[in-house]
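To start, the structure itself, in structure tokens.
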Amino acid sequence: MAGDPDLSTTAEVLLSLQANGADIVELGIPYTDPLADGPVIQAAAYRALEQKTTPAKVIEMLAGLKGQLSMPVILFTYTNPLLNRGPERFFAEAAAAGAAGLVVPDLPLEEAERLSPLAATFGLDLVLLVAPTTPQNRMQRIAESSRGFTYLVSVTGVTGERVKLQDRVASLVSDLKACNSGPVAVGFGISGPEQVLQVKQWGADGAIVGSALVKRIAAAAPGKVALEAGEFCRQLRDAAG
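Just add 1016 to the spot in the sequence shown (first one is 1) and you have our numbering.
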């Protein structure tokens, strides 16, 4: 979460994740009503908001890392901040800062289909989500509209660590990959190296680890945040092979 504990530390964490093998980083922009997020990421968002973190400040921080980051950064935000700033302005600023794309979990599919071509004009991928409850015909539309990769939500509910992934995720990965030849990344509930390996064996192209990393960042001693984040990332990278 950008701005937790502060934006300068977030910049250090991004560089550490890159150095330790992260393929892509999803960078959360704090929001007052993060309905897709569980308690760990919600708490991080509220801490970041207490630090007066805004979308403009996050984008400014990211822009300051241009030339240092070769790893793609996907911004995670919600519909209200996107519309409040104006999609065209938001996309232009994000692209100028070096972002590779966006995830907007509460953006309706119909709105995403309208905005995806606009995002693409700025070189941004608008990544869409598929839930376990998504009907097959709608899954097909999402897979066809998503850019960069399709984000498969492994569980119903909000983000957060789970002890065990449900076996049905394997069939969901298979169903989604049958809809489109693009990459599929699994998120929500992945908490460690064992689950990263598991989703890889199920045929996913990527594993998205959020709450487990955010928890480690929150628990790290001052001055050790980037180091702790990097060490955890290296464990995940080693599991992914």
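Ideal placement from N, C-alpha and C gives every residue a C-beta, glycine not left out.
Whole-angstrom distance between residue 1153 and residue 1022, CA atom to CA atom: Counted from its first residue, the sequence shown places residue 1022 at position 6. Counted from its first residue, the sequence shown places residue 1153 at position 137. One Cα belongs to residue 1022, the other to residue 1153, and the distance between them is close to 42 Å.
Quick check on this structure: which residue in 1188, 1171, 1189 has the alpha carbon closest to the alpha carbon of residue 1181? Along the sequence shown, one-based indexing puts residue 1181 at 165. Looking at the Cα atoms, 1171 is the closest of the given residues.
From the DSSP secondary-structure annotation, give me the bridge partner or partners of residue 1040. Here residue 1040 corresponds to residue number 24 of the sequence shown, with the count starting at 1. Paired residue(s): none; residue 1040 is not in a bridge.
Taking buried to mean at least 16 other C-beta atoms within 10 Å of its own C-beta, is residue 1061 buried or exposed? On the sequence shown, residue 1061 is found 45 positions in, with the first residue counted as 1. Flag for residue 1061 reads buried.
Bridge-paired residues (DSSP) for residue 1201: Position 185 of the sequence shown, counting from 1, holds the residue named residue 1201. When beta bridges are read from the DSSP output, residue 1201 appears opposite 1167, 1222.
By a C-beta neighbour count over all protein chains shown, 10 Å radius and 16 as the cutoff for buried, is residue 1042 buried or exposed? Stepping through the sequence shown from its first residue, residue 1042 is reached at position 26. Buried, since its Cβ has 16 or more Cβ neighbours within 10 Å.
Expressed to the nearest angstrom, what Euclidean distance is found between the alpha-carbon atoms of residue 1255 and residue 1223? By 1-based counting over the sequence shown, the position of residue 1255 is 239. By 1-based counting over the sequence shown, the position of residue 1223 is 207. If you take the alpha carbons of residue 1255 and residue 1223, they lie about 11 Å apart.
Starting from residue 1215, trace the alpha helix (DSSP H) both ways and give me its first and last residue. As a first step, residue 1215 must be located in the sequence shown, where it is residue number 199. Per DSSP, the continuous alpha helix (DSSP H) segment holding residue 1215 begins and ends at 1209 to 1217.
When you compare the CB of residue 1250 with every CB in chain D, is at least one pair closer than 9 Å? The structure shown has no chain D; it contains just one protein chain.
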